[in-house]
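In my numbering, the protein residues as written are 165 to 640. Ideal placement from N, C-alpha and C gives every residue a C-beta, glycine not left out. In what follows, a structure is listed as structure tokens, so that the remarks can point back to it.
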Amino acid sequence: MSQQVRVRFAPSPTGYLHVGGARTALFNWLFAKKTGGKFILRVEDTDVERSTQESVDGLLRDMKWLGLTWDEGPEVGGPHGPYFQSQRLPIYHEYARRLVENGAAYPCFCSEEDLEAKRQKAEEEHRSVHYDGTCRNLSKEEVERRIAAGEPHVIRVRVPEKDYVLEDLVRGRVEWKSETLGDFIVLRSSGMPVYNFCVVVDDADMQITHVVRAEEHLTNTHRQLILYEALGIKPPIFGHASLILGEDKSKLSKRHGATAVGQYALDGFLREALINFLALLGWNDGSDREIYSVEELKECFTLERISKSPGVFDHNKLIWMNGQHLRALSVEQLVPMVEPVLKNAMPEDKRLDNPEIMRKLVELIQIKMNTLNDAVAVAESILKAGEPEDAEAAAIIATDKSKALFAALASEFSVCEWVRDGYNAAIKAAGKSAEAKGKDLFMPIRVKITGSCHGPDLVGILDVLGRDEVIKRLKV
165 MSQQVRVRFA PSPTGYLHVG GARTALFNWL FAKKTGGKFI LRVEDTDVER
215 STQESVDGLL RDMKWLGLTW DEGPEVGGPH GPYFQSQRLP IYHEYARRLV
265 ENGAAYPCFC SEEDLEAKRQ KAEEEHRSVH YDGTCRNLSK EEVERRIAAG
315 EPHVIRVRVP EKDYVLEDLV RGRVEWKSET LGDFIVLRSS GMPVYNFCVV
365 VDDADMQITH VVRAEEHLTN THRQLILYEA LGIKPPIFGH ASLILGEDKS
415 KLSKRHGATA VGQYALDGFL REALINFLAL LGWNDGSDRE IYSVEELKEC
465 FTLERISKSP GVFDHNKLIW MNGQHLRALS VEQLVPMVEP VLKNAMPEDK
515 RLDNPEIMRK LVELIQIKMN TLNDAVAVAE SILKAGEPED AEAAAIIATD
565 KSKALFAALA SEFSVCEWVR DGYNAAIKAA GKSAEAKGKD LFMPIRVKIT
615 GSCHGPDLVG ILDVLGRDEV IKRLKV
């Protein structure tokens, strides 16, 4: 590519960052990283009634958590600002003036009442509902007179009587017939620009080379191509990725579970796992591979591999994938992630203040975790002595043979060296004394110490609990 790639993510701050929006941001970010281009964040906040500062703050926070840093945009700046649409009104007005001056647009004085009456009549006569061009050919003198008189008016673009074709990177050839669209508004009577006009002006002004977005925006592209032509500006290359569906194949929504990026952070998911998962919702590198690091995605991502088929958001697969990423971490990497989760859930347990115990605990529970939050339940099953989890477990430790085993083991543990070889020797000696071996030896010990028939490595549990706590549980 001779021209540097410039892509953008342009969310509306009217709520949380949805996973669909996050995937769009990710595709653009990966493409910029792969090509050495620029990733621009632009906030489309002209919907003043619904846009909130809280949403802006949440959007920036979630983008940072995902690691999708931007080269230009809020908090960063850049040569093509402002990066909030609400601060760009003079720019839109200047572009609208240029359109009127070159004859590509015109003032329209038709009232809302007149337009509604015409719309109803067209529907009754089963005609397409288009603006009929009442003000299209008003003389310059009449336009100036009516504007001077203070008549409310909008600015409409003259739609050429021609077909438009888009060669979309994902969807292939897309065509729009000339009769499908009438002259449309770019500037309201209030002076506020409409969405499609803002997008074209911003993308042109910010020199965007590629627009990668969701399929639902494809219907907007016809108007945008007309505007690019009217402004005499070459349009960017477009690619429209398919929507993300829920497991029932309907459009992803809250009823399918969490859809907010921020919620996944709270639920203990790793950003690397969520990025991995989102990247595979509508893209693949041609292989059956499923686990990628962020660096690997940057290396192999291409727009040409974005699929026409919708991605299905399988929450169970995300959990599995997160577990794979968790288990690929070293204990040293995982400790600072797990430590605040455990201390928040168990602030009264001072053992968690001991770095060595924390490290041993994380090493022990890592294999059992699919999310960071899973650490709490697994750690509690070890650190908090509890009653047998069910009747089967209670029966295992209630026999005379088990009681004899516990007494012998408490005695052996009180004098053995408190290391793994010492534990194993003590357990073997206690088993011999109580005439227990195999399952009859290890299962009663596990249940007595943890309350459960299942769990992490027993020797690892002894390591974490320490001599005094283990003997105390054996004697209860």
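With residue i as the anchor, note down where its beta strand (DSSP E) starts and where it stops.
i: PHE642; result: Only positions 165 to 640 of the chain appear in the structure, and residue 642 is not among them; the question remains open.
Tell me whether residue i is buried or exposed, calling it buried when 16 or more other Cβ atoms sit within 10 Å of its Cβ.
i: ASN360; result: buried
i: HIS290; result: exposed
i: LYS472; result: exposed
i: ALA598; result: buried
i: VAL212; result: exposed
i: LYS548; result: exposed
i: GLY314; result: exposed
i: GLY550; result: exposed
i: ASN480; result: exposed
i: ALA260; result: buried
i: ASN518; result: exposed
i: MET165; result: With a pLDDT of 49 at MET165, under the threshold of 50, the modelled position of that residue is not reliable, and no figure is offered here.
i: ASN486; result: buried
i: ASP627; result: buried
i: VAL323; result: buried
i: THR423; result: buried
i: VAL579; result: exposed
i: HIS386; result: buried
i: VAL542; result: buried
i: GLN530; result: buried
i: PRO357; result: buried
i: GLU463; result: exposed
i: SER342; result: exposed
i: GLY446; result: buried
Helix, strand or coil: how does DSSP classify residue i here?
i: LYS413; result: coil
i: TRP447; result: strand
i: VAL207; result: strand
i: GLY624; result: helix
i: LEU330; result: strand
i: ILE470; result: strand
i: ALA539; result: helix
i: GLU258; result: helix
i: VAL583; result: coil
i: VAL505; result: helix
i: VAL476; result: strand
i: PHE433; result: coil
i: PRO500; result: helix
i: PRO357; result: strand
i: MET165; result: For MET165, the predicted structure reports a pLDDT of 49, less than 50, and the residue's modelled location is therefore unreliable. A value from the coordinates is still provided. Note: MET165 maps to coil in three-state DSSP.
i: PHE248; result: strand
i: GLY241; result: strand
i: GLU213; result: coil
i: GLU325; result: coil
i: GLU236; result: strand
i: ALA593; result: helix
i: HIS618; result: coil
i: LEU442; result: helix
i: ASP564; result: helix
i: LYS398; result: coil
i: VAL293; result: coil
Which residues share a DSSP beta bridge with residue i?
i: ARG320; result: TYR270, ILE349
i: LYS202; result: ARG170
i: ALA378; result: ALA405
i: ALA424; result: HIS182
Where do the ends of the alpha helix (DSSP H) carrying residue i lie?
i: LEU395; result: 385-395
i: VAL634; result: 631-639
i: GLU339; result: Unbroken run through GLU339 is the beta strand (DSSP E), 336-340; no alpha helix (DSSP H).
i: THR614; result: 603-614
i: ASP221; result: 217-230
i: CYS135; result: Any answer about residue 135 is impossible in this case: the structure gives the chain only from 165 up to 640.
i: GLU289; result: Careful: GLU289 lies outside any alpha helix (DSSP H) and carries neither H nor E.
i: GLU305; result: 304-312
i: PRO519; result: 519-529
i: ILE372; result: Premise fails: ILE372 is in no alpha helix (DSSP H) and is neither H nor E.
i: GLU556; result: 555-561
Within the chosen definition, does the region 586-596 reach the region 554-563 through at least 3 CB pairs nearer than 8 angstroms?
no
At least three beta-carbon pairs within less than 8 angstroms, the region 562-573 to the region 602-612
yes
Using 8 angstroms as the cut-off, can you tell me whether the region 266-276 makes contact with the region 229-248, which would need three or more C-beta pairs spanning the two stretches below that distance?
no
Mind the definition here: the region 290-300 touches the region 271-280 only if three or more C-beta pairs lie below 8 angstroms; say whether that holds.
yes
Spell out a yes or no on whether the region 440-454 and the region 395-413 are touching, meaning 3 or more CB-CB pairs, one atom from each, closer than 8 angstroms.
yes
Can at least three beta-carbon pairs, one atom from the region 324-343 and one from the region 213-229, be found at a separation below 8 angstroms?
no
How about the region 306-320 and the region 220-234: do they share at least three Cβ pairs that are nearer than 8 angstroms?
no
Three CB pairs or more closer than 8 angstroms across the region 250-259 and the region 193-203
no
Could you say if the region 366-380 and the region 201-209 meet the contact criterion of at least three C-beta pairs nearer than 8 angstroms?
yes
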